[in-house]
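Quick notes on the structure that follows.
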Amino acid sequence: MLVDNGVDGDSRVQKAARSAAEAGWDVTLIGKKGDSGPDSWRIGDAEVRLVPVSPEPLEPWFRRGRSLRRPLAYPPGKQVIYRLDAMKAWRVDIVARIAERRAARAAGRKPPGGFLAEPRLLLSRLGLAVASRWVRFRARESRLLREARNNPRSAANRFAIWFFSTTMGARCWRRLDPSLWQWELAFGKVIDGLKPDLIHAHDFKMVGVGARAVARARAKGRAVRFVWDAHEYVPGLRPRTPGWIEAQSAYEREYAPCADAVMTVSDDLAELLRKDYKLAEKPVVVLNAPVLAPADEERGVAVPNLRELCGVGPDTPLLAYSGGITPVRGVDLIVDALPSLPDVHVAMLSVQPLGANRAANKLRARAVELGVADRVHLLPYVPHWQVSKVLSGADAAVSPLHHLPNHEIALSNKFFEYSHARLPLVVSDVRTMAAMVRSTGQGEVFRAEDLTDFIRAVKLVLAEPERYRAAYDRPGLLQQWSWEAQAEIIDQLYTRLLPQLPGREPAAGAESSAPSVLSTAQV
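With our numbering applied, the sequence shown has no gaps in its numbers, which climb one by one up to 526 at the end.
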């Protein structure tokens, strides 16, 4: 298995590796090594290997080097910082020399430097004035060039994207985002050395790495099968830089047809992938569902009590939210609603392992501004297998996503985690999630970004929580929405692709001759 992150924190990848190993496959999961931490460890019987990836992105040529748009700008890099710091140092030196002369006169001593010191000091000050103006001008040109290169409406950027997309087709990612090659350079030899029978590439950055590894193996006469696991709809992502979306989409378009099978996270996304990439068959759907029970090494580990973490009693109305804090996730709407929801508290499992981030700090400041800071509890993430158990201490859960293409087509991790916590849901009217909540009766739907409608929905679920919890009593519902059910789908797919391999024993008794699966995962 292959992934473009550090594995820790990517619950889908971790669960896929563990469950495949439990089914008897010999799994190696390759991910990206960070600045610290171990190079390898095990997830159950699956081996994790992290390899270093170059931290310096390879910029497309039209966004690097000098440019006719701003010919006097400094070249990209640290030169502008060096020049500005040099001017500051020069100024400090002049100030120090003036101070030395004044101190000498005040002490009745002859100033240092002799009779030429004053003319030299004057020339130095004039030189600093001229040089500072020149450096500041060039630094400004550098800033304006950087802004122009990052402007998606720039005519030069639009022309470059159009030209390469038109002339190179699916191969245009080589010009629009050559940094994708860094994953090949880091992972390629590691994959080849493992000689896998099957490569399972997670997410869009790994599809080309996996496809090329399969091609190299087949060229040497080895039969290798290739599975691509599409975690999200790339055209629906927010662009990072001009040409980024076009590059990633082209990358998928070139290599997706190489996959022997494609899997993804929802029926809607499966249809989009089949249509966009003209796939021979509809991708297999493997939901981002939580595990029903922890693994052997996780049993006995204390699970935090949500209400104790928040310092509230059993009678305090408590809303729950889990996941990242970004504007498009609509989390600020929850805080904005609290003045109209007296006594209601909200617990957010949202703080990164390294502490609060800028978005969390901004949310906390908004809570202070509204006078509800004592009712907003920003809590650290917990292991994926604990999320539902921790959240079960709340009275209801919220998912206030904005309308974006990827939000419309998927049932998110949090939807299933909330469901296994048997919580009434308050969700925005993004298409797939809203349709599911309406069909099961497990919660209320409100208009995305509509504060008044959100408050209405919250009041409804808090008034009759048991009415909504009853939806989870439907036979087989939560079992269907479990990772255990999804793991069977993955195992059946692997077995279909490799029918010639011998039968497998469960992980506890797996033999060294078990078929090998290489999984590349991304943090």
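Note that CB positions come from ideal geometry on N, CA and C, so glycine has one too.
For the beta strand (DSSP E) assignment, the uninterrupted runs of no fewer than 3 residues enclosed by the region 342 to 370 are, from N- to C-terminal side, 348 to 354. Beta-bridge pairing by DSSP links Y236 to no other residue. A92 has its alpha-carbon roughly 25 Å from the corresponding atom of L147. M266 has D232, V287 as its beta-bridge partners, per DSSP. F229 sits away from I33, with the two beta carbons spaced by 8 Å or more. With respect to the 8 Å criterion, S269 and L75 are not classified as neighbours on the basis of their beta carbons.
Bounds of the beta strand (DSSP E) holding W44 are 43 to 46. Counting other Cβ atoms within 10 Å of its Cβ, N416 reaches 16 or more and is therefore classed as buried. DSSP lists I33, A204 as the beta-bridge partner residues of L5. Unbroken beta strand (DSSP E) runs of no fewer than 3 residues, entirely contained in the region 384 to 438, are found at 399 to 402, 428 to 431, following chain order. For the 8 Å CB-CB criterion, D200 and V227 form a contact. DSSP, reduced to helix, strand and coil, places G446 within a strand of the structure shown. Comparing alpha carbon positions, the residue from N160, A106, R156, M90 closest to R136 is M90. Leaving aside the five residues that flank D279 on each side, none in its chain has a CB nearer than 7 Å to its CB. Taken atom to atom, the span from the alpha-carbon of E50 to that of T31 is near 5 Å. Taking 8 Å as the cut-off, the Cβ atoms of L352 and V401 do not count as close. Y324 sits in a strand when the DSSP states are folded into three classes.
Counting of Cβ neighbours within 10 angstroms places V294 among the buried residues, the total reaching 16 or more.
Checking the DSSP bridge columns, you'll see E50 partnered with T31, R45.
Contact between M4 and A26 is ruled out by a C-beta separation of about 13 Å, above the 8 Å threshold. Per DSSP, M90 is one residue of the alpha helix (DSSP H) stretching across 82 to 109.
One thing to note: V429 has its Cβ within 8 Å of the Cβ of V461. In the three-state reduction of the DSSP assignment, V16 falls in the helix class. Sixteen is the threshold: since fewer than 16 other Cβ atoms of the shown chains lie within 10 Å of the Cβ of T170, the residue is exposed. Residue state for V379 is assigned as strand, using DSSP reduced to three classes. Going by beta carbons, L373 and V338 fall inside the 8 Å limit.
Just measuring C-alpha positions, the residue of L394, P181, E255 sitting nearest V210 is E255. Excluding its 5 nearest sequence neighbours in each direction, G326 has C-beta neighbours in its own chain below 6 Å: K417, listed in chain order. The Cβ neighbour count for D346, taken over all protein chains shown within 10 Å, is under 16; the residue is labelled exposed. Beyond the five residues adjoining it in sequence on each side, A220 comes within less than 7 Å, by CB distance, of V227 in the same chain, given in chain order. Cβ contact annotation for R73 (same chain, cutoff 8 Å, sequence separation greater than five): E144, S145, L147, L148, A151, in chain order. When the Cα atoms are used, A173 and G47 turn out to be separated by approximately 39 Å. Residue environment: P502 is assigned as exposed (fewer than 16 neighbouring CB atoms within 10 Å of its CB, all protein chains considered). Pairing D398 with P468 gives a Cβ-Cβ distance under 8 Å. Burial check for T455: the Cβ neighbour count within 10 Å stays below 16, so the residue is exposed. Nearest C-alpha to G303 among R161, Q389, Q17: Q389.
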